[in-house]
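In UniProt numbering, the protein residues as written are 1 to 464.
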């Protein structure tokens, strides 16, 4: 049993097919399939993070064209001799991206600018978007490397390894023979056996894709850290693969320019990975970017309905209510606020007890005065006939203290003063006290007059 089937593997016979006048290029198909795969995976991951469904496709309208232009510019700068050097293909070949020649670093750099524009227009954070699409991007790169296989490009040095890649001569319709002819067909004549570096990078990209998916699920990477991990991981593989390549490229100090680019980009990715915020963005922060324009007004309306008082009118006008602060002040003063149809009334609880105490004091003084007058009244049976004319005066004197009762006009006036809403409660109490003392003085003077008349009557009776 032999292992001849493991020895080498051939390149495709051609990389272009024609449907009438329309060329179907394998490299372009691989690029398109890779982009579609990246968008499908990115959209699914974006929705899982709380983003708007379909927004990935909107941002892709900016990121993909920018990425293609950036990738082509990077390729032209790092492989300028092929186009502008002696015997180069010339300026007319610079836009022919379907013939191959896209630099990944330029695609990522300028594609990031396009993604930033799209994210800004949709109000979503760029780092979160990068984390969502990172696995899809590296998978798209893996698919794109299949196009390099059809174009017989990006291969390494000659090798005798059993998995070496066979490169054949190709010939176009004009009879031009060249192993790198994109429109040519294989002649079956072996050119050389080389390291299949395109296959190495394809497999490495698949490994990075699996690692990104696992790490994201295990550690919930966010804030652009997963995208940085993708960049760092890809740089590691690309640096090693560049050491195996032997095709035409720009060198700096004998080192391929892509090796320098991979080194510097790797350092930048690691620094970002260490300094960026840990964890993942709050899904609510991602949702805010795609809420409908009137959602803010709807939320405010809902909140206002929830916090509105039960008596509030639907149109926002408050019902007719007394000012709360005025009600508190009136209640503290002991007066109820007037209604719409009722006159104001005094409801002071402090004035009424004071007025009652003054009334009791006046009643007590009146009783004392009446007690002093009654013992000195003359007996009607012993009265002298000639003095009967003086008896009514004595009776009048006896009846004068009666105004000290609770029904007297003076006491009623005092009571009325306590209910006057125009004066403070403290002044009403002082006036009541003064009126009560004045009444007591009047009663004392009248009692003294009555005693004098009684003494005069007794003297006249003794003389008779």
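Virtual Cβ for every residue (Gly too), placed ideally from N, Cα, C.
It should be emphasised that the depicted structure is a prediction, and the values quoted were computed from it without experimental measurement.
Roughly how many whole angstroms lie between the Cα atoms of residue i and residue j?
i	j	result
residue 47	residue 238	31 angstroms
residue 92	residue 279	49 angstroms
residue 68	residue 284	33 angstroms
residue 117	residue 41	21 angstroms
residue 271	residue 107	21 angstroms
residue 186	residue 7	20 angstroms
residue 210	residue 175	45 angstroms
residue 98	residue 172	17 angstroms
residue 30	residue 149	11 angstroms
residue 236	residue 54	33 angstroms
residue 214	residue 261	27 angstroms
residue 58	residue 190	46 angstroms
residue 207	residue 151	24 angstroms
residue 296	residue 282	In this prediction, residue 296 has a pLDDT of 45, which is less than 50 and means its spatial position is unreliable; nothing more can be read from the coordinates.
residue 82	residue 114	28 angstroms
residue 294	residue 277	Unreliable positioning characterises residue 294 in this predicted model, as indicated by a pLDDT of 45, which lies under 50. A coordinate reading is not provided.
residue 263	residue 255	12 angstroms
residue 20	residue 184	17 angstroms
So, with DSSP's three-state summary, where would you put residue i?
i	result
residue 15	coil
residue 263	helix
residue 158	strand
residue 163	coil
residue 217	helix
residue 94	coil
residue 82	helix
residue 135	helix
residue 197	helix
residue 127	helix
Tell me whether the beta-carbon of residue i lies closer than 8 angstroms to the beta-carbon of residue j.
i	j	result
residue 23	residue 16	yes
residue 139	residue 38	yes
residue 169	residue 177	yes
residue 198	residue 230	no
residue 128	residue 49	yes
residue 43	residue 56	yes
residue 182	residue 71	no
residue 26	residue 147	yes
residue 66	residue 136	no
residue 286	residue 51	yes
residue 179	residue 193	no
residue 78	residue 250	yes
residue 212	residue 134	yes
residue 202	residue 145	yes
residue 217	residue 132	no
What does DSSP give as the partner residues of residue i in its beta bridges?
i	result
residue 180	In DSSP, residue 180 forms no bridge with anything.
residue 256	251
residue 23	18
residue 192	167
residue 66	Answer is none; residue 66 lacks a bridge partner.
residue 280	Per DSSP, none; premise fails for residue 280.
residue 245	156
Rank the options by C-alpha distance to the C-alpha of residue i and give the top, closest one.
i	options	result
residue 205	221, 233, 226, 219	233
residue 104	64, 45, 220	64
residue 126	255, 250, 226	226
residue 266	137, 84, 240	240
residue 257	76, 200, 275, 112	76
residue 165	19, 20, 274, 245	245
residue 196	212, 219, 218, 161	161
residue 273	242, 222, 217, 259	222
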